[in-house]
């Protein structure tokens, strides 16, 4: 699906946990996430901590969208 | 009496010349020419090349219709038991000519055909329609290619059942052949693993399908003016799954308005996905589709706007062709709605 969105002309960032699959399917901007059942959260944290974590991940995704890339690129979350 | 074979080669292998002679029109010669000798030797009298068609690669490419008609007429006259072309290795136009003339002969004269080339040769696009032996990318591989092609050709002429592509050396053509492996699966798997660990070559028995690539689009210039849309394969839907998106092998996608929605909650949204433990996503669907933080970024002015609609489906066992069709369709809607970029989340 990422590829079809890209093909349509829209920059797209793929946020997912299993980044090798994302690479295989051909996503160009990739942000690794936490876990398969909760990519953008972590139930072990408090609500506030979890929100902060999600904000950090999505913020990284926005950075990816504003970064020019030539090839498939994984944007690690610091 | 031996089987009759007609061989097709290009101007280079007929020693007429290289690129400067690629324009030459087809001609018919008696007996074998050039690489045909290797086939004749391998057949040991069981089959023989009775005639060779020589054609310039550019001529075939530029006058495909005429070339095919002329060659077809000649091949018909020879009443061969098999038509063989090449091998073309990695020569693009030659490979294209070999595969296409083979297909024409097979379709029109209903005799078995065979060619050979490197797997990345553009002619290999026809591998599902024409039997093509995989060769190396240069003519140095002739010594290996000739016996493989010759053996396969003989089987075809005798009307014998072909084995699997990995046994016979032809490119996989999508047709399954059953056979018994000498070693059981666990032994093969362990051997494969040991080779992998040792950095040695190994051949997978379940290759990943090859996927095409799309070049990345330019980055978003000014995020503060951009409309960003959220999409997911994680199956987030309004509570109750109003469009009945299947928990696996989804047949459709959902389009849902989130105008005025600041937070996805357990009361309002859930996941339809049957391929992961839904507990966490159902407790707080923002864990899959981060509407809450996107709203904060919108309020802060970091992004211009969160798009009013999100697009969702279940990626669990869903066919690539279906996913492709879903996204191709909703990407058009996103473009029409003036969306500048997309965040896709997957579980």
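Chains as they are written, first to last, in our numbering: chain A, 2 to 79; chain B, 81 to 427.
Cβ coordinates follow ideal geometry from the N, Cα and C atoms, glycine included.
query	result
Decide if residue 27/B is buried, meaning its Cβ has at least 16 other Cβ atoms within 10 Å, or exposed.	Because chain B in this structure spans residues 81 to 427, residue 27/B falls outside the shown range and cannot be described.
Nearest chain A C-beta to residue 426/B closer than 8 Å, yes or no?	yes
In angstroms, rounded to a whole number, what distance separates the CA positions of residue 119/B and residue 194/B?	12 Å
Along chain A, which residues have their Cβ under 7 Å away from the Cβ of residue 144/B?	The premise fails here: residue 144/B is roughly 30 Å from chain A at the closest Cβ pair, so nothing lies under 7 Å.
So residue 30/A contacts chain B; which residues on that side make the cut at Cβ distance below 8 Å?	296
Which term fits residue 117/B, buried or exposed, when burial requires 16 or more other beta carbons within 10 angstroms of its beta carbon?	exposed
Mind checking whether residue 11/A and residue 415/B have CB atoms under 8 Å apart?	yes
Is residue 308/B helix, strand or coil by DSSP?	strand
Looking at residue 73/A and residue 16/A, is the spacing between their C-beta atoms short of 8 Å?	no
Whole-angstrom Cβ separation of residue 78/A and residue 56/A, contact assumed at under 8 Å?	Residue 78/A to residue 56/A, Cβ: 11 Å. No contact.
Put residue 334/B into one of helix, strand or coil per three-state DSSP.	strand
Please state the DSSP three-state secondary structure of residue 11/A.	coil
Can you give me the start and stop residues for the beta strand (DSSP E) that residue 197/B sits inside?	193-198
Going by beta-carbon coordinates alone, are residue 161/B and residue 84/B separated by less than 8 Å?	yes
Using a Cβ-Cβ cutoff of 9 Å, what residues of the stretch 358-383 of chain B are near chain A? List them in chain order.	358, 359, 360, 361, 363, 364, 366, 367, 368, 369, 370, 372, 373, 374, 376, 377, 382 and 383
Does residue 288/B have its Cβ less than 8 Å from a Cβ in chain A?	yes
What residue ranges within the stretch 89-172 of chain B form continuous alpha helix (DSSP H) runs of no fewer than 4 residues, ordered along the chain?	116-123, 137-142 and 144-158
In terms of residue numbering, what span does the alpha helix (DSSP H) encompassing residue 25/A cover?	20-26
Starting from residue 424/B, follow the beta strand (DSSP E) in both directions and report where the run begins and ends.	421-425
Quick one: is residue 369/B buried, meaning 16 or more other Cβ sit within 10 Å of its Cβ, or exposed?	buried
Any C-beta of chain A sitting closer than 8 Å to the C-beta of residue 331/B?	no
Is residue 78/A close to chain B? Criterion is C-beta to C-beta, closer than 8 Å.	no
Quick check on DSSP: helix, strand or coil for residue 259/B?	coil
Can you name, in chain order, every residue of its own chain whose Cβ lies under 7 Å from the Cβ of residue 228/B, other than the five neighbours on each side?	213 and 249
To which residues does DSSP link residue 314/B through a beta bridge?	394/B
For residue 54/A, which of 372/B, 404/B and 407/B has the nearest alpha-carbon?	372/B
Just to make sure I have the definition right: I need the residues of chain B whose C-beta is within less than 7 Å of the C-beta of residue 45/A. Which are they?	Residues of chain B passing the Cβ test: none, with the nearest at roughly 10 Å.
On the DSSP letters alone, give me the boundaries of the beta strand (DSSP E) that residue 30/A sits inside.	30-33
When you compare only the Cα positions, how much space is there between residue 190/B and residue 153/B?	14 Å
May I ask which residues mark the beginning and end of the beta strand (DSSP E) holding residue 214/B?	212-215
Could you give the C-beta distance for residue 43/A and residue 35/A, rounded to a whole number, given that I count them as a contact under 8 Å?	5 Å
Hey, would you say residue 144/B sits closer than 8 Å to residue 82/B, going by beta carbons?	no
Use the C-beta contact count for residue 283/B: other C-beta atoms within 10 angstroms, 16 or more gives buried, fewer gives exposed.	exposed
Using a 10 Å radius around the Cβ and a threshold of 16 neighbouring Cβ atoms, would you call residue 324/B buried or exposed?	exposed
Between residue 179/B and residue 130/B, is the Cβ-Cβ spacing less than 8 Å?	no
Quick check on residue 419/B - is its C-beta less than 8 Å from some C-beta in chain A?	yes
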